[in-house]
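Visitor:
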Amino acid sequence: MNMNHITQKIIIMTTALLLSLSGKAQVAVVSNSDNKKYDVGEIPVEYSLTPSGAVSYTIHIDVHPDTEEFQPNLSFMYNSQQRETALGYGWNISGLSGITHVSGSIYYNGKTTPLSLQDDKLMLDGMRLIKTGTGTWQSEQGFIRVNRESESRLKVHYPDGNIAIFENSSQAPFSYVITSYTNRKGRSIKYTYMQADNLPYIRTIRYGEVQGVYNDSIVFNYRNIPNGITRYADGKSFKYSKLLETVSSFYKGNLWRRYRISYQNRGVYLPDSLECETFHQLLNPLRFGYGDGRSIEFLSDHIHYLSKYFHNSQQGQAGYSSLAISRGKFSKTSNSDGLIIYPIPNQGEYHKAQELLVYKDLSDIFIEPVVFTAGKEFKQLEAVDIDGSGVDKLVKNQLHQKGNANTSGHTEGYAKSNYL
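Basically this note's numbering = 1-based index in the sequence shown + 267.
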């Protein structure tokens, strides 16, 4: 066995603390002592409960009205079950249509499969699209038809005669974003985006078209944020690295409304106030509070050093091509997990002197493992919470052979588990 004893730097996932959001984001208007500097009026808020039990707040974005009411219908929306977006944790902008890649399911596809950007498993605004032919789909409900015009372009026909174009970019591969929406009269709404870290961000919306000229526009401005949480899908990484700061509505270049969002950073970014202004007025802002200060755990990248480790593979008679890696909770006082690591031999049988490494607490920078040996007929080392205490014990599974052969000529045996 080729074992290195030098210090090796690796990146592993350990636990850190994150703000625990309560089931209800408490929305309140600024105190009366400050109200004198604001104009008469308020920013309206709608509260509701979703069928899944989530708490939801909706704040309608007042954009300049089109003469034929052919305009975007946008809102700031909070959902207590949603993760982070460019509007912070739990918040999003509703009213931006999109087509996303989804994983396969038994109900729709006959089997479960992971999300793949090469497959044609798609969803339009939360509704599954059913494939009807090569490059064609129909919505599960509502008789919406979708046609593929190219590898990066989908055309959507709605029952009311309106048509939308959705486009995909290699810089934001996980979804098709709406770039054009045209009604039966031929008037269009145009959308533009920017991309960062494999995600799209809405940049402008133009509408109010008169003879090819767009009189109305909505502009979205962002700021960069460091240390976003990186996630992966189909082998590609993505993270939110921008935070929405302002949403401004203009009519012929003149400001109609501007919404300004400020944030607090408590492990994640959370909107704590929303202002609304015109070119000469400022409404009383909304203030947001979250939870009761309790914390939950989330995963974050940290650099640790293992003083003893295995290579990913090894050639030769005692070679192996992969490692058995599992985690366990071995300390009641630590927020971090532990790791169990040992090679999986190519020959199928473990040598009795094979070393098994257990890192019981990953919270330290330099980590020394506890070393066990496999012993005879070793099969598996695992972490098991045998008494329900929340702390795992090490269980070594071995196959013990009986000396006599049975009538079929095979030697009988039995499995045995030992607590370490």
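For every residue, glycine included, the Cβ atom is placed at its ideal position computed from N, Cα and C.
Give the secondary structure of I373 by DSSP, where H, G and I count as helix, E and B as strand, and everything else as coil.
Guide: Within the sequence shown, residue 373 is the residue found at index 106, counting from 1. Helix.
Visitor: Helix, strand or coil: how does DSSP classify K506 here?
Guide: As a position in the sequence shown, residue 506 is number 239, starting the count at 1. Three-state DSSP puts K506 in coil, outside helix and strand.
Visitor: Just to confirm before moving on: does the CB-CB distance between K643 and K619 stay below 8 Å?
Guide: Within the sequence shown, the letter at position 376 stands for residue 643. Within the sequence shown, the letter at position 352 stands for residue 619. Their beta carbons are under 8 Å apart, which means K643 touches K619 by this criterion.
Visitor: Applying the criterion that 16 or more other CB atoms from any shown protein chain within 10 Å of the CB defines a buried residue, is I632 buried or exposed?
Guide: Counted from its first residue, the sequence shown places residue 632 at position 365. Exposed, by the Cβ-count rule.
Visitor: How would you write the range of the beta strand (DSSP E) that Q462 sits in, first residue to last?
Guide: Residue mapping note: residue 462 aligns to position 195 of the sequence shown, counting from 1. It spans 455–463 - the beta strand (DSSP E) in which Q462 sits, taken as one unbroken run.
Visitor: For D654, count neighbouring C-beta atoms within 10 Å of its own C-beta (all shown protein chains included) and say buried if the count is 16 or more, exposed if not.
Guide: Looking up residue 654 in the sequence shown gives position 387. Counting Cβ neighbours within 10 Å, D654 comes out exposed, since fewer than 16 surround it.
Visitor: Check K304 in the structure and name its three-state DSSP category.
Guide: Numbered from 1 along the sequence shown, position 37 holds the residue referred to as residue 304. DSSP places K304 in helix when its eight states are reduced to three.
Visitor: Opposite T471 in the DSSP bridges: which residues?
Guide: Counting from one through the sequence shown, the residue named residue 471 turns up at place 204. BP columns for T471 point to T459, V486.
Visitor: Return the residue from the list M344, I634, V369 that minimises the CA-CA distance to L573.
Guide: Looking up residue 573 in the sequence shown gives position 306. When only C-alpha atoms are compared, the closest one is I634.
Visitor: Give the list of continuous alpha helix (DSSP H) stretches no shorter than 4 residues that lie fully inside the stretch 619–650.
Guide: Qualifying alpha helix (DSSP H) stretches: none in this window.
Visitor: When you compare the CB positions of A447 and K457, do they come within less than 8 Å of one another, or not?
Guide: As a working note, residue 447 is residue 180 in the sequence shown. As a working note, residue 457 is residue 190 in the sequence shown. Looking at the sequence shown, residue 447 is not Ala but Ser. The answer is yes: Cβ separation under 8 Å.
Visitor: Assuming S508 contacts D539 (C-beta within less than 8 Å), just tell me the rounded distance between them.
Guide: For the purposes of this step, residue 508 is taken as the residue at position 241 of the sequence shown. For the purposes of this step, residue 539 is taken as the residue at position 272 of the sequence shown. Rounded, the Cβ-Cβ distance is 20 Å, inconsistent with contact.
Visitor: Taking all protein chains shown into account, do 16 or more other C-beta atoms lie within 10 angstroms of the C-beta of P610, making it buried, or fewer, making it exposed?
Guide: Translated into positions along the sequence shown, residue 610 becomes position 343. With 16 or more other Cβ atoms within 10 Å, it is buried.
Visitor: With C-beta atoms as the reference, is M394 less than 8 Å away from Q408?
Guide: Position 127 of the sequence shown, counting from 1, holds the residue named residue 394. Position 141 of the sequence shown, counting from 1, holds the residue named residue 408. A contact, by the Cβ cut-off of 8 Å.
Visitor: Quick one: grab the DSSP three-state call for S361.
Guide: For the purposes of this step, residue 361 is identified with residue 94 of the sequence shown, where counting begins at 1. In the structure shown, S361 sits in a strand (DSSP, three-state: E or B).
Visitor: Give me the residue from D427, I310, R420 with the minimum Cα distance to S436.
Guide: By one-based count along the sequence shown, residue 436 stands at place 169. Checking every option, the nearest Cα to that of S436 belongs to R420.
Visitor: CA-CA distance, Y489 and L661?
Guide: Position 222 of the sequence shown, counted from the start, is the residue given in the question as residue 489. Position 394 of the sequence shown, counted from the start, is the residue given in the question as residue 661. Their Cα atoms are separated by approximately 49 Å.
Visitor: Beta-carbon separation of G308 and L550 under 8 Å?
Guide: Counted from its first residue, the sequence shown places residue 308 at position 41. Counted from its first residue, the sequence shown places residue 550 at position 283. Yes. Within cutoff.
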